[in-house]
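Trainee:
There are 2 protein chains.
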Amino acid sequence: MTVINLNLSINSERLLNRIQELGLTGLDNDNKRTRLAASDADKAGRDLLVTWMKEVGLEVEIDRIGNIFGIWYGTENRIEAPIMLGSHIDTVINAGMYDGCYGVLSGLEVIMTLKEKGFIPTRPIAVAAFTNEEGVRYQPDMMGSLVYAGGLSVDDVLATVGTDGTILGEELERIGYAGTKEPGFLKPHAYIELHIEQGPILDKMGLPIGAVENLQGISWQRITIEGVANHAGTTPTDMRRDAGLAAARVITYLRDRANASNGQTVATVGTIEFKPNAVNVIPSLATFTVDLRNPNKQRLQEEEQALANYLEELATTEEVTITSEPLVRFPPVTFDQTIVKLVEKAAGERGLQSRRMTSGAGHDAQMMARVCPTAMIFVPSIDGISHNPKEYTKDSDLIAGANVLLDVVCKLAGNQ
Amino acid sequence: MTVINLNLSINSERLLNRIQELGLTGLDNDNKRTRLAASDADKAGRDLLVTWMKEVGLEVEIDRIGNIFGIWYGTENRIEAPIMLGSHIDTVINAGMYDGCYGVLSGLEVIMTLKEKGFIPTRPIAVAAFTNEEGVRYQPDMMGSLVYAGGLSVDDVLATVGTDGTILGEELERIGYAGTKEPGFLKPHAYIELHIEQGPILDKMGLPIGAVENLQGISWQRITIEGVANHAGTTPTDMRRDAGLAAARVITYLRDRANASNGQTVATVGTIEFKPNAVNVIPSLATFTVDLRNPNKQRLQEEEQALANYLEELATTEEVTITSEPLVRFPPVTFDQTIVKLVEKAAGERGLQSRRMTSGAGHDAQMMARVCPTAMIFVPSIDGISHNPKEYTKDSDLIAGANVLLDVVCKLAGNQ
């Protein structure tokens with residue numbers, strides 16, 4: 001008899017209540033929900049989580065970068081590599097309730113359900129809350145998982161100075177979450193992260209489950225175009241070297257490329273500045289950022305190259321000077337096909353429609369994919385809204401996602 | 001015998017020296033030339049000008065808005081309408097030496113030359129320095145001439161609050177230039193303004209003289225595009241409502257229209273702002289200004305209408321909301337054909353090549369055109385640079401322009 005046939009389900013009420021309860025920590029003076037990494041508010045959230053972990057008998061470990069692990073060791077599985085579930089509980093400023101927290105609390109809920117139902121796992125099952133996924137107070141984002149996966153030195157990262165002038169290591173000490181375990185001390189058999197989509201696809205399509213098979217590569221660059229400031233009235237069009245016009249041409253070019261990519265590439269110009277920024281002066285300088293994403297490494301490189309070629313051409317046609325500075329580059333991540341299939345299968349067995357999809361946002365899972373087979377499960381975000389108090393996922397979808405996670409864990413840690 | 005046959009010429013050395021000397025007033029603490037209207041620096045410039053006017057025996061009159069007039073009355077011409085020459089001596093911040101001052105000092109030089117040579121004018125000849133042409137400290141620009149031409153109430157304008165919180169009327173009192181004459185007290189027979197081009201056309205074409213036959217109409221508007229802020233990674237292209245992209249489309253559309261206008265229309269987007277202005281967030285708001293110019297009233301209206309139509313279309317295709325707020329509107333001005341022809345003829349008789357041209361910038365002449373036959377004479381600006389310490393016109397061109405002005409005045413005030 002396989003465990004799946006038990007038709008276990010998580011305790012919906014308990015999960016929903018805990019999402020609400022954790023959501024009440026970190027309300028700031030304006031009654032906005034803000035739990036920046038290693039702040040007092042973060043401490044309050046962490047304390048609550050650790051209390052819940054201990055209540056159910058998990059072994060709680062904190063590593064040097066402050067990542068929290070609640071581990072359920074069975075009597076005979078201690079030497080096996082654990083199944084790890086998780087996400088993060090830090091937030092952006094004025095955040096919603098679900099981003100990150102949903103994955104952590106569902107992981108905890110899955111473990112509680114399995115324990116209560118007498119499930120005997122072949123491996124330990126751990127739930128992780130990674131430090132500073134949002135990267136608001138300390139850069140970079142996805143910090144805790146990146147350090148955990150060996151992508152950054154823990155000593156370097158502890159010295160990070162925050163936007164408020166604080167040092168991360170000192171703040172972790174202060175709030176009592178500077179642990180002693182070396183990051184990476186648990187090497188998982190698999191990592192599964194349940195998360196709200198933070199995009200509109202599942203909501204628009206009316207699907208409850210996304211089986212996330214990959215995560216877009218991200219390329220950020222800052223482009224600076226130098227033209228010549230001149231009088232808006234006295235300078236004939238053919239004598240203009242208009243940095244602002246050249247910037248506009250780049251923005252429309254990027255959209256045309258994205259349209260031609262068949263939904264694979266997305267491109268965003270989110271910031272822009274003109275100088276001297278006067279109504280009647282042709283801009284001498286335009287500075288803007290480009291955010292390019294594609295789930296395929298080669299395609300992402302092709303997009304970067306196409307943009308570089310276009311900028312070269314544009315510099316000639318508009319008689320401007322263009323420079324480009326790389327800001328951030330994360331290669332695309334392909335998740336583990338076996339786990340992705342398990343997610344699809346679990347959804348199907350529960351009568352939940354799913355689709356394979358790409359994560360457009362970065363997640364701790366993209367770092368954990370460096371060290372073990374990894375995948376993600378998405379549930380719909382109403383209107384795709386996230387990082388906003390309006391962030392919302394229907395209870396039924398939250399429950400469905402957690403049950404799919406439960407089933408996948410049963411299959412990975414079950415006795416067959 | 002006509003006066004022209006005397007082959008008078010201005011005193012080049014005196015004119016050039018005075019441009020230098022006036023240029024030395026108003027050097028600020030950073031050694032930058034800044035004579036904002038009704039400031040201490042402006043007073044220093046005014047005092048110097050008035051001293052020069054009095055030295056040559058002109059009657060100096062100040063009107064209530066601070067415009068300065070130096071009037072040469074002949075023994076028998078006092079009842080005739082005067083020929084008025086002039087421009088302004090206030091400057092932008094960190095200005096060049098020529099903008100405005102060249103026209104005022106050349107007007108004074110023409111009168112001095114005529115007096116010295118025993119020319120007997122049939123009409124009074126006046127030189128005017130209009131208050132606050134630049135509009136940097138107090139808005140709007142071309143203020144003194146606009147009030148003089150009856151376009152604004154002097155009482156209203158004297159109450160204008162400056163960027164530094166001062167009140168124009170009080171500042172004029174303080175520097176001793178709150179006169180008692182009502183603006184408009186002299187109704188000219190003709191007004192001629194000699195000015196540097198502030199654009200590149202004469203310099204590029206190697207021509208010393210521009211016979212300015214009209215002045216572009218100016219339409220400024222502020223356009224606000226409202227889209228939806230969304231995650232740059234998780235929002236598929238076809239679900240985006242990207243205010244920044246829509247703004248870029250407007251900018252390239254305006255350039256395409258300008259290119260199609262055969263050099264008549266110029267369009268400039270000089271300022272822009274995105275909100276929230278984050279690398280990985282699709283802009284929810286884009287605000288930018290449009291500066292549209294065309295010397296033909298109907299064509300300018302057509303350009304405005306075409307833009308309005310395009311914005312309506314764009315709002316549909318990009319699913320954004322677009323609003324447009326008019327900021328400034330000056331209709332085009334057509335100068336007096338008789339004077340323009342006199343300018344061309346005078347240039348030709350001196351062996352100076354000239355071309356008919358349009359003023360792209362605003363000038364006091366555009367206001368004076370409301371009250372009397374008016375025209376302008378342009379001389380080249382090297383590389384079209386103005387409002388900048390690098391503003392430069394060759395001495396030979398300065399002299400040529402002043403001599404053409406002299407000849408035109410002789411024809412208009414001569415005994416035939």
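Those sequence lines, one after another, are chains A and B. Going by UniProt numbering, the first sequence opens with residue 1, and the numbers climb by one from there. Going by UniProt numbering, the second sequence opens with residue 1, and the numbers climb by one from there. Glycine residues also receive a C-beta, built at the ideal position from the N, C-alpha and C atoms. Treat the numbers as computed from the prediction; the structure is a model and nothing was measured.
What residues in the region 263–283 of chain B bring their beta carbon closer than 7 Å to a beta carbon of chain A?
Mentor: From the region 263–283 of chain B, only G263, V266, T268, V269, G270, T271, I272, F274, N277, A278, V279, N280, V281, I282 and P283 have a Cβ closer than 7 Å to chain A.
Trainee: Would you check whether the ligand NAD has a heavy atom nearer than 8 Å to the C-beta of B:G66?
Mentor: Looking at this structure, you won't find the ligand NAD or any other ligand, since it has none at all.
Trainee: Report buried or exposed for A:N415, applying the criterion of at least 16 other Cβ atoms within 10 angstroms of its Cβ.
Mentor: Reading the first sequence from its first residue, position 415 is the one you call residue 415 of chain A. Exposed, because fewer than 16 other Cβ atoms sit within 10 Å of the Cβ of A:N415.
Trainee: Closer than 7 Å by beta-carbon distance: list the chain A residues that pair up with B:D291, in chain order.
Mentor: As a working mapping, residue 291 of chain B is identified with position 291 in the second sequence. Within 7 Å Cβ-Cβ: A232, V279 and N280.
Trainee: Taking the alpha-carbon of B:I120 as reference, which of B:N132, B:W72, B:S106 and B:L158 has the nearest alpha-carbon?
Mentor: Within the second sequence, numbered from 1, the residue matching residue 120 of chain B stands at position 120. It is B:W72 whose Cα lies nearest to the Cα of B:I120.
Trainee: With a floor of 3 residues, list each beta strand (DSSP E) that falls wholly inside the region 308–364 of chain B, ordered by position along the chain.
Mentor: For the region 308–364 of chain B, whole beta strand (DSSP E) runs of length 3 or above, ordered along the chain, are 321–330 and 354–359.
Trainee: Closer than 9 Å, CB to CB, is B:S219 near chain A or not?
Mentor: Here residue 219 of chain B corresponds to residue number 219 of the second sequence, with the count starting at 1. Answer no: the Cβ-Cβ gap between B:S219 and chain A never drops below 9 Å.
Trainee: Is A:M368 close to chain B? Criterion is C-beta to C-beta, closer than 9 Å.
Mentor: Indexing the first sequence from 1 puts residue 368 of chain A at position 368. It does not: the Cβ of A:M368 has no partner Cβ on chain B nearer than 9 Å.
Trainee: Run down chain B in chain order and give the residues with a C-beta less than 7 Å from the C-beta of A:L405.
Mentor: In the first sequence, counting from the first residue as 1, residue 405 of chain A sits at position 405. Residues of chain B passing the Cβ test: none, with the nearest at roughly 20 Å.
Trainee: One question on the structure: do B:L314 and B:V269 come within less than 9 Å of each other, judged by their Cβ atoms?
Mentor: As a first step, residue 314 of chain B must be located in the second sequence, where it is residue number 314. As a first step, residue 269 of chain B must be located in the second sequence, where it is residue number 269. No; because the gap between Cβ atoms is not below 9 Å, this pair is not in contact.
Trainee: Note down, in chain order, every chain B residue with its Cβ under 7 Å from the Cβ of A:I201.
Mentor: Here the question's residue 201 of chain A lines up with position 201 in the first sequence. Per Cβ cutoff of 7 Å: P236.
Trainee: Start and end of the beta strand (DSSP E) containing A:K275?
Mentor: In the first sequence, the residue the question calls residue 275 of chain A occupies position 275. I272 to K275 is the span of the beta strand (DSSP E), which, as asked, contains A:K275.
Trainee: Quick test of your reading: A:M226 and A:A247, contact by CB under 8 Å. State the CB separation rounded to the nearest angstrom.
Mentor: The residue you call residue 226 of chain A lines up with position 226 of the first sequence. The residue you call residue 247 of chain A lines up with position 247 of the first sequence. According to the sequence as given, residue 226 of chain A is Glu; it is not Met. About 11 Å; that fails the 8 Å criterion.
Trainee: Going along chain A in order, which residues have a C-beta closer than 8 Å to the C-beta of B:L245?
Mentor: Counted from its first residue, the second sequence places residue 245 of chain B at position 245. Those within 8 Å of B:L245 in chain A are I251, T252, R255 and V269.
Trainee: Rounded to the nearest angstrom, how far is the Cβ of B:T234 from that of B:I282, given a contact under 8 Å?
Mentor: Numbered from 1 along the second sequence, position 234 holds the residue referred to as residue 234 of chain B. Numbered from 1 along the second sequence, position 282 holds the residue referred to as residue 282 of chain B. So it is not a contact: roughly 10 Å between Cβ atoms.
Trainee: Ignoring anything shorter than 3 residues, give me the beta strand (DSSP E) runs that lie fully in the UniProt domain "Peptidase M20 dimerisation" (216–315) of chain B, in order along the chain.
Mentor: Qualifying beta strand (DSSP E) stretches, in chain order: 217–226, 266–268, 272–275 and 285–294.
Trainee: 9 Å is my cut-off, CB to CB: does A:E197 come that close to chain B?
Mentor: Mapped onto the first sequence, residue 197 of chain A falls at position 197. By this cut-off, A:E197 is an interface position.
Trainee: Short of 6 Å in beta carbon distance, which residues of its chain neighbour A:G384, apart from the five on each side in sequence? Order them along the chain.
Mentor: On the first sequence, residue 384 of chain A is found 384 positions in, with the first residue counted as 1. Counting only Cβ-Cβ distances below 6 Å, and skipping sequence neighbours, we find G199 and P200.
Trainee: When the Cα atoms are used, what is the spatial distance from B:F101 to B:I10?
Mentor: Counting from 1 along the second sequence, the entry for residue 101 of chain B is found at position 101. Counting from 1 along the second sequence, the entry for residue 10 of chain B is found at position 10. It should be pointed out that residue 101 of chain B corresponds to Cys in this sequence rather than to Phe. Distance between the alpha carbons of B:C101 and B:I10 is about 16 Å.
Trainee: Could you give the distance in angstroms between the alpha-carbon of B:T237 and the alpha-carbon of A:A258?
Mentor: The residue you call residue 237 of chain B lines up with position 237 of the second sequence. The residue you call residue 258 of chain A lines up with position 258 of the first sequence. In a straight line, the C-alpha of B:T237 is about 7 Å away from that of A:A258.
Trainee: Taking the straight line between their C-alpha atoms, what separation do you get for A:Y148 and A:T131?
Mentor: Position 148 of the first sequence, counted from the first residue, corresponds to residue 148 of chain A. Position 131 of the first sequence, counted from the first residue, corresponds to residue 131 of chain A. Roughly 10 Å separates the two Cα atoms.
Trainee: Could you tell me the alpha carbon to alpha carbon distance between B:S87 and B:L215, rounded to whole angstroms?
Mentor: In the second sequence, the residue the question calls residue 87 of chain B occupies position 87. In the second sequence, the residue the question calls residue 215 of chain B occupies position 215. Looking at the two C-alpha atoms, the distance is approximately 15 Å.
Trainee: Going by beta carbon distance, what residues of the same chain come within less than 8 Å of A:N388, once the five residues before and after it are set aside?
Mentor: One-based indexing of the first sequence puts residue 388 of chain A at position 388. Around A:N388: N94, A95 and G96.
Trainee: Would you list the residues sitting across from B:A190 in a DSSP beta bridge?
Mentor: Position 190 of the second sequence, counted from the start, is the residue given in the question as residue 190 of chain B. According to DSSP, B:A190 bridges with B:I83.
Trainee: Closer than 7 Å by C-beta to A:S396: which residues in its own chain qualify, once you throw out the five before and the five after it? Chain order, please.
Mentor: Within the first sequence, numbered from 1, the residue matching residue 396 of chain A stands at position 396. Once the five neighbours on either side are set aside, A:S396 has no close Cβ partner at all.
Trainee: Does A:Q139 come within less than 9 Å of chain B when only Cβ atoms are used?
Mentor: Translated into the one-based positions of the first sequence, residue 139 of chain A becomes position 139. So no, A:Q139 is outside the interface.
Trainee: For B:T2 and B:A413, what's the separation of their Cα atoms in angstroms?
Mentor: Counting from one through the second sequence, the residue named residue 2 of chain B turns up at place 2. Counting from one through the second sequence, the residue named residue 413 of chain B turns up at place 413. In this prediction, B:T2 has a pLDDT of 42, which is less than 50 and means its spatial position is unreliable; nothing more can be read from the coordinates.
Trainee: Under a Cβ-count criterion, where at least 16 other Cβ atoms within 10 Å of its own Cβ denotes burial, should B:R33 be classed as buried or exposed?
Mentor: Here residue 33 of chain B refers to the residue found at position 33 when the second sequence is read from its first residue. By the neighbour-count rule (16 or more Cβ atoms within 10 Å), B:R33 is buried.
Trainee: May I ask you to report which of helix, strand or coil DSSP gives A:V56?
Mentor: Along the first sequence, one-based indexing puts residue 56 of chain A at 56. Reduced to three states, the DSSP call for A:V56 is coil.
Trainee: Assess, as a yes-or-no matter, whether the region 334–344 of chain B is touched by the region 296–305 of chain A under the definition of 3 or more beta carbon pairs within less than 8 Å.
Mentor: Counting Cβ pairs under 8 Å, fewer than three are found: no touch.
Trainee: A:D407 to A:I167, Cα distance in whole Å?
Mentor: Counted from its first residue, the first sequence places residue 407 of chain A at position 407. Counted from its first residue, the first sequence places residue 167 of chain A at position 167. Using only the alpha carbons, I get a separation of about 41 Å.
Trainee: Say whether chain A places a C-beta atom closer than 9 Å to the C-beta of B:G96.
Mentor: Taking the first residue of the second sequence as position 1, residue 96 of chain B is located at position 96. So no, B:G96 is outside the interface.
Trainee: Along chain B, in chain order, which residues have C-beta atoms closer than 7 Å to that of A:M53?
Mentor: As a first step, residue 53 of chain A is located in the first sequence; it is residue number 53 there, counting from the start. Neighbours of A:M53 on chain B: none; closest Cβ ~30 Å, over 7 Å.
Trainee: CA-CA distance, B:Q221 and A:G70?
Mentor: One-based indexing of the second sequence puts residue 221 of chain B at position 221. One-based indexing of the first sequence puts residue 70 of chain A at position 70. Rounded to whole angstroms, B:Q221 to A:G70 spans 60 Å at the Cα level.
Trainee: Return the chain-ordered list of same chain residues with a C-beta closer than 7 Å to the C-beta of B:Y138, the five sequence neighbours on each side being excluded.
Mentor: Mapped onto the second sequence, residue 138 of chain B falls at position 138. For B:Y138, where only same-chain residues beyond five positions count, the Cβ hits under 7 Å are A37, N132, T160, G162 and L168.
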